[in-house]
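One structure below.
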């Protein structure tokens, strides 16, 4: 007898429907799984056989062949256990075939028959809905995660017997509650009220958060670069529901998130400088998302930027420019989203104090080697370059310039203006605008246009840099509640492209 059960294969962030075809025929007892499965799938034979027996079901003493179709698609993971087990039960007449026609199953089996959760439940649920299926069986622990997908009946089960009882009508489907709504940014988030004496860098953080811009903090050791960077997530607006679902899907596939709640905070990823290029942007024999994708809709913080390998930093070019990265392995291309704000911190020279400091002991060749570690094309993709100076004693003893709640309210208001202006474009912030949208929405007066043209003609801006200056100027106008960009905002945007001590102009 032949039975078909639908499940899904996860590769990268993509899911593909897989039909598990189980045939039981006469012959010497054997259990064969075909269809380009990995080691975990080949080992499923023993898990499924033992789980069926320990759950009180009969394991057929016949020739059993399970085919994972399409056969040309490489498959991996333990999420196929439940589908194979249901296929064996259906083919042997222990569960009705009709009950499986419009449903998918996904989960790992223990030897006792307990159903264990697997990575990527949300992605599988979205795949089931896209395939036009009516229902999905998953482990009870991840049922609420799957229930985030609308118009899909999700059944959470604790054991294989629970699944069978639902299929044969012995018990009804218990639909899990939807995941809890996205919560506001917790008060435990590092707050800007802890910062003293850094008015200019705080203003740069505000601009970066309001427009989703990339930011480089440059200064001597101990001046507060890392402290400032770690306070950026606290001033970003809350995730929208769709953004939260996107982040939850990525983190679910990679195993960083498992359960019913949506991810509440915007991601903040801070990899060590020894990370490889595949670790940063994604890769591997079976491509998996890297830190750039794990920071999607959030912040990627690279501390000690000049210590990262050149290959890792150069790999960031496409993610920064396109908001996505394509990883090609064999005949498969995995595309990972990378809409993050890059915040980087670096010392001005190897000793950290900079060529203008009397404490600097670096030679000219040391300065040249340090500068060459950061390529021009990468620096050109950074919108804001800010010098972080050592605050004086009076500033450290004084009151804070502001707090995160105040700045977050300003940032949220500016983001709402951008979302209204960019509705229907698939973009949510000024940093994501393409050249056509920049020309349409960054309207300049004659004085602002002359200032921009002068900076471009002087060689201070590349063509890419010109567009990025326009985006920053547009963000400044949004923060000020203005429809057009003023000449003052244009001067500030140009100064933040990295002129020496340019950050002082916004203090």
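Residue numbers (my numbering): -9 to 497. All C-beta atoms in this analysis are idealised placements derived from N, C-alpha and C, irrespective of residue type, glycine included.
In terms of residue numbering, what span does the beta strand (DSSP E) encompassing residue 125 cover?
Here the beta strand (DSSP E) through residue 125 covers 125 to 129.
So, using beta-carbon positions, are residue 486 and residue 219 closer together than 8 Å?
If you check the CB distance, residue 486 and residue 219 do not come in under 8 Å.
Pick out the complete alpha helix (DSSP H) segments inside the stretch -6 to 39, 4 residues or longer, and give them in chain order.
29 to 32, all fully within the stretch -6 to 39.
Do residue 54 and residue 88 have their C-beta atoms closer together than 8 Å?
In terms of Cβ geometry, residue 54 and residue 88 do not form a close pair [threshold 8 Å].
Enclosing beta strand (DSSP E) for residue 316 [first to last residue]
Boundaries of the beta strand (DSSP E) harbouring residue 316: 314 to 319, taken from the DSSP string.
Leaving aside the five residues before and after residue 162 along the sequence, list all residues of the same chain whose C-beta is less than 8 Å from its C-beta, in chain order.
Answer for residue 162: 156, listed in chain order.
Helix, strand or coil at residue 323 [DSSP, three-state]:
It is a strand residue.
Measuring alpha carbon to alpha carbon, tell me which of 422, 356 and 409 ends up nearest residue 373.
Cα-wise, what sits closest to residue 373 is 422.
Same chain only: Cβ atoms within 8 Å of residue 192, ignoring 5 sequence neighbours per side
Taken in chain order, the residues that qualify are 182, 185, 218, 391, 392 and 397.
Three-pair Cβ contact test at 8 Å for the stretch 456 to 470 versus the stretch 424 to 440:
Yes: at least three Cβ pairs fall under 8 Å.
Would you mind reading off the limits of the beta strand (DSSP E) that contains residue 447?
Where residue 447 is concerned, there is no enclosing beta strand (DSSP E), although the alpha helix (DSSP H) it sits in stretches over 436 to 447.
Going by DSSP, which residues form a beta bridge with residue 143?
Its beta-bridge partners are 125.
Residue 255 burial status per 10 Å Cβ neighbour count (16 or more: buried):
By the 10 Å Cβ count, residue 255 comes out buried.
Residue(s) in a DSSP beta bridge with residue 499
Not covered by the structure: residue 499. The range shown for the chain is -9 to 497.
Kindly indicate the opening and closing residues of the beta strand (DSSP E) around residue 194.
If you look at residue 194, you'll find it isn't in any beta strand (DSSP E); it sits in the alpha helix (DSSP H) that goes 189 to 201.
If you measure between the beta carbons of residue 179 and residue 223, is that distance less than 8 Å?
A contact, by the Cβ cut-off of 8 Å.
Using a Cβ-Cβ cut-off of 7 Å (strictly less than) and excluding sequence neighbours within five positions of residue 211, which residues of its own chain qualify?
Here the set comprises 337 and 342.
Does the stretch 260 to 276 come close enough to the stretch 140 to 151 that 3 or more CB-CB pairs lie under 8 Å?
Too few Cβ pairs lie closer than 8 Å, so no.
Whose CA, out of 388, 475 and 450, lies closest to the CA of residue 429?
The residue with the shortest Cα to Cα distance from residue 429 is 475.
Determine the extent of the beta strand (DSSP E) in which residue 483 is found, giving its start and end residues.
According to the DSSP assignment, residue 483 belongs to no beta strand (DSSP E) but to the alpha helix (DSSP H) extending over 477 to 485.
Classification of residue 345 by the beta-carbon crowding that lies within 10 angstroms, buried from 16 upward
Label assigned to residue 345: exposed.
Return the residue from the list 59, 134, 207 and 57 that minimises the CA-CA distance to residue 251.
Measuring from the Cα of residue 251, the nearest candidate turns out to be 134.
Could you check the C-alpha separation between residue 8 and residue 94 for me, to the nearest Å?
Using only the alpha carbons, I get a separation of about 10 Å.
Neighbourhood of residue 170 by C-beta distance below 6 Å, restricted to the same chain and skipping five residues each side
With a pLDDT of only 45 at residue 170, under 50, the local geometry of the prediction cannot be trusted, and the value read off the model is given with reservation. Excluding positions up to five away in sequence, the list reads 251.
How many angstroms separate the CA atom of residue 25 from the CA atom of residue 59?
Straight-line spacing of the CA atoms in residue 25 and residue 59 works out to 6 Å.
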